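Novice:
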Amino acid sequence: MKILHTADWHLGKRLDNFSRFDEQVLVMNEIIEIADKEQVDLVIIAGDLFDNFNPSVEAVELFYKTLKRLSNNGKRPVVAIAGNHDSPSLIDAPDPLARECGIILIGYPNAKISPFQLDHFSVINSEEGFIELQLSTCDFPVRILHTPYANEIRLKQYLGEQKEDALNEVLAKNWKNIADQFCDDNGVNILTAHLYMNKRGGELIEEPEGEKPIKIGNADMIFSDAIPSQIQYTALGHIHGFRNIGTEDKPVVYSSSPICYSFSEAGQTKYVSIVTLEPKKTAQFEKVELINGKPLVRKVFDNFDNAILWLNENQDTLVELTLESETFLKAEERKLLYQSHNGIIHLIPKVKNNELIEAHAKTINLDQNIQDLFTDYFKSKNGNQEPNEELKNLLKEILG
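Residues 45 to 444 (our numbering) are what the sequence shown spells out, left to right.
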């Protein structure tokens with residue numbers, strides 16, 4: 045069987061004040077096209093479906109339309125779990141209706157999904173944190189352990205463990221109990237979770253810039269060795285770059301976000317993971333590149349004209365622009381920059397200063413006039429750089 049694994053859609057997310065909705069529409073269509081082209085039997089979305097607890101109407105509409113098309117009108121099951129950006133109640137709310145379309149929405153950890161049957165697949169077994177599917181396209185059942193996001197305290201409450209137990213041990217014990225009970229070699233066995241997980245002994249993965257952090261300290265780190273041995277493929281969400289923190293035999297995969305959502309992701313290629321599974325066999329997966337979404341670029345120029353030239357030649361980008369110059373950026377220069385490109389998200393003027401600053405305390409002469417006081421203050425804050433005439437004139441206007 046084939047599975048499409050994706051995560052971290054963040055529908056409704058903006059980059060500063062710049063809407064990404066049109067890009068999200070395009071990339072959702074692209075994911076649907078990949079699912080159809082690859083003829084996948086199942087879709088897993090590993091959390092952060094929306095960007096906040098109260099998504100916009102257009103984001104919710106895009107979400108439901110995308111899931112309906114991914115499910116191929118109930119012929120292909122879609123399993124979506126909540127991430128740390130999602131409201132579990134909002135994700136759970138449409139579940140009874142969604143099931144009629146072949147969509148299984150899971151908001152809370154340890155949720156128990158009521159068994160149901162459609163024409164093309166059925167939920168034949170369900171326990172807390174576990175579902176077993178039988179698809180008409182497969183001769184074997186599909187077992188899925190599911191752990192949507194919850195903070196440490198809530199997760200331990202849901203799993204019924206003592207607060208002093210380490211979270212890694214709590215999850216490992218819970219997952220092992222489920223796997224030992226339900227995951228034999230007669231079916232395929234999958235885990236999906238929205239967690240900050242690392243490989244024990246490996247380099248810690250940086251959480252995405254601008255993300256709500258999941259990791260606070262190291263007391264409750266979650267490591268990939270907590271995953272039961274029966275699990276053939278683990279579908280993770282939260283980290284926005286594609287990576288396998290498991291092994292070739294036991295992939296533990298962050299599938300990446302569908303588009304770049306912060307400038308720390310500038311230059312990243314985004315993917316979905318296409319997984320081929322069968323009982324008793326090692327999971328095979330390949331990453332399929334997503335081509336929609338504007339590139340995010342960090343550029344530094346020390347020449348104003350060169351900056352304008354580059355901006356004019358790279359219109360289909362979102363830019364963090366640093367401009368180094370001998371003097372402060374003038375209002376007309378700033379205006380010209382924004383007129384030349386409508387995707388400048390951050391403009392960072394940087395004044396060059398080659399003078400050595402004397403390291404001694406300076407007595408402030410409070411008897412001098414306000415203009416001179418302003419000049420002294422400005423120089424103290426900007427590496428002995430004099431304010432330009434535009435700033436001096438602005439001060440005069442304010443004083444007037």
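From the three backbone atoms N, C-alpha and C, an ideal C-beta is built for every residue, glycine too.
The model shown is predicted, which means the values in this text are computed figures rather than measured ones.
Return the chain-ordered list of same chain residues with a C-beta closer than 6 Å to the C-beta of R463, the five sequence neighbours on each side being excluded.
Specialist: Because the chain is modelled from 45 through 444, residue 463 falls outside the range shown and cannot be assessed.
Novice: According to DSSP, what are the bridge partners of N233?
Specialist: Its beta-bridge partners are R187.
Novice: Measure the beta-carbon distance from V319 to K46 and round it to whole angstroms, keeping in mind my assumption that it falls under 8 Å.
Specialist: That belief holds up - the Cβ atoms of V319 and K46 are roughly 7 Å apart, short of 8 Å.
Novice: Note down, one range per segment and in chain order, each beta strand (DSSP E) of at least 3 residues found wholly within the segment 58-110.
Specialist: You should have 86-90.
Novice: Between Q274, L410 and T366, which lies nearest to I389 when the distance is taken from Cα to Cα?
Specialist: Of the listed residues, the one whose Cα sits closest to I389 is T366.
Novice: Would DSSP call S158 helix, strand or coil?
Specialist: Correct three-state label for S158: coil.
Novice: Starting from the Cα of F62, find the closest Cα among V341, G387, D416 and N432 and give me that residue.
Specialist: For F62, the nearest C-alpha among the options comes from G387.
Novice: Measuring CA to CA, which of S166, Y382, Q161 and A126 is closest to Y152?
Specialist: Of S166, Y382, Q161 and A126, the residue nearest in Cα terms is A126.
Novice: Please classify F97 as buried or exposed, where buried requires at least 16 neighbouring CB atoms within 10 angstroms.
Specialist: Exposed: under 16 other Cβ atoms inside 10 Å.
Novice: Terminal residues of the continuous beta strand (DSSP E) containing I147?
Specialist: That run of the beta strand (DSSP E) goes I147 to I150.
Novice: Tell me whether Q161 is buried or exposed, calling it buried when 16 or more other Cβ atoms sit within 10 Å of its Cβ.
Specialist: So Q161 counts as exposed.
Novice: Please name the residue or residues paired with P393 in a DSSP beta bridge.
Specialist: In the DSSP output, where bridge partners are listed per residue, P393 has L367.
Novice: Output the boundary residues of the alpha helix (DSSP H) element that contains F226.
Specialist: Looking at the DSSP string, the run of the alpha helix (DSSP H) that includes F226 is L211 to F226.
Novice: Compare the C-beta of L177 against all C-beta atoms of chain D and say whether one is closer than 8 Å.
Specialist: The structure shown contains no chain D, having only a single protein chain.
Novice: Determine the extent of the beta strand (DSSP E) in which A9 is found, giving its start and end residues.
Specialist: Given a span of 45 to 444 for the chain in the structure shown, any question on residue 9 remains unanswerable.
Novice: What residues match up with N169 in a beta bridge as DSSP calls it?
Specialist: Its beta-bridge partners are E176.
Novice: Can you tell me which of F348, K436 and F286 puts its alpha carbon nearest to the alpha carbon of G311?
Specialist: Among F348, K436 and F286, the Cα nearest to that of G311 belongs to F286.
Novice: Note down, one range per segment and in chain order, each alpha helix (DSSP H) of at least 4 residues found wholly within the segment 327-366.
Specialist: Fully enclosed alpha helix (DSSP H) runs of 4 or longer: 348-357.
Novice: Leaving out the 5 sequence neighbours to the left and right, which residues in its chain are closer than 8 Å to F174 when beta-carbon positions are compared?
Specialist: R187, I188, L189, H190, I222 and F226, listed in sequence order.
Novice: At a cut of 8 Å, does the segment 327-346 reach the segment 65-73 through at least three beta carbon pairs?
Specialist: Touching, yes.
Novice: Sort out for me which residues DSSP pairs H238 with in a bridge.
Specialist: BP columns for H238 point to G281.
Novice: In chain order, what residues of the same chain have a beta carbon less than 6 Å from the beta carbon of N288, not counting five sequence neighbours either side?
Specialist: Taken in chain order, the residues that qualify are P295 and V297.
Novice: Going by alpha carbons, who is nearest to Q359 out of R113, L373, V341 and A375?
Specialist: Ranking the options by Cα distance to Q359, first place goes to V341.
Novice: Mind reading off the beta-carbon distance from S299 to A279? Whole number of angstroms is fine, and I expect it under 8 Å.
Specialist: The Cβ separation is near 7 Å, so the contact holds.
Novice: For P159, does the count of other Cβ atoms within 10 angstroms reach 16, so buried, or fall short, so exposed?
Specialist: Exposed: under 16 other Cβ atoms inside 10 Å.
Novice: In chain order, what residues of the same chain lie with their CB nearer than 6 Å to the CB of T181, ignoring the 5 residues before and after it?
Specialist: Around T181: D85.
Novice: So what does DSSP say about S424, is it helix, strand or coil?
Specialist: Residue state, collapsed to three classes: helix.
Novice: For S115, tell me which candidate among I88, H129 and F94 has the shortest Cα-Cα distance.
Specialist: Comparing Cα-Cα distances from S115 to each of I88, H129 and F94, the minimum goes to I88.
Novice: Going by the beta-carbon positions, is the gap between I266 and Y240 smaller than 8 Å?
Specialist: Yes. Within cutoff.
Novice: Ordered along the chain, which non-local residues of its own chain (more than five positions away) have a Cβ less than 6 Å from that of V122?
Specialist: Closer than 6 Å at the Cβ level, and outside the excluded window around V122, lie V87, L111, L114, S115 and I147.
Novice: Between the C-alpha atoms of V316 and K220, what's the straight-line distance to the nearest angstrom?
Specialist: Taking the straight line from one Cα to the other gives about 27 Å.
Novice: What span of residues does the beta strand (DSSP E) with S317 cover, start to end?
Specialist: Segment K314 to T320, the beta strand (DSSP E) holding S317.
Novice: Which residues does DSSP list as the beta-bridge partners of N288?
Specialist: DSSP, once it has assigned bridges, lists V297 as partnering N288.
Novice: Check each candidate in D416, E368 and L380 and name the one with the smallest Cα separation from V395.
Specialist: Of the candidates D416, E368 and L380, the one whose C-alpha sits nearest the C-alpha of V395 is E368.
Novice: At which residues does the alpha helix (DSSP H) containing I197 begin and terminate?
Specialist: Taken as a continuous stretch (DSSP letters only), the alpha helix (DSSP H) holding I197 covers E196 to L203.
Novice: Alpha carbon to alpha carbon, how far is R27 from F329?
Specialist: With the chain covering 45 to 444 only, the question about residue 27 has no answer from this structure.
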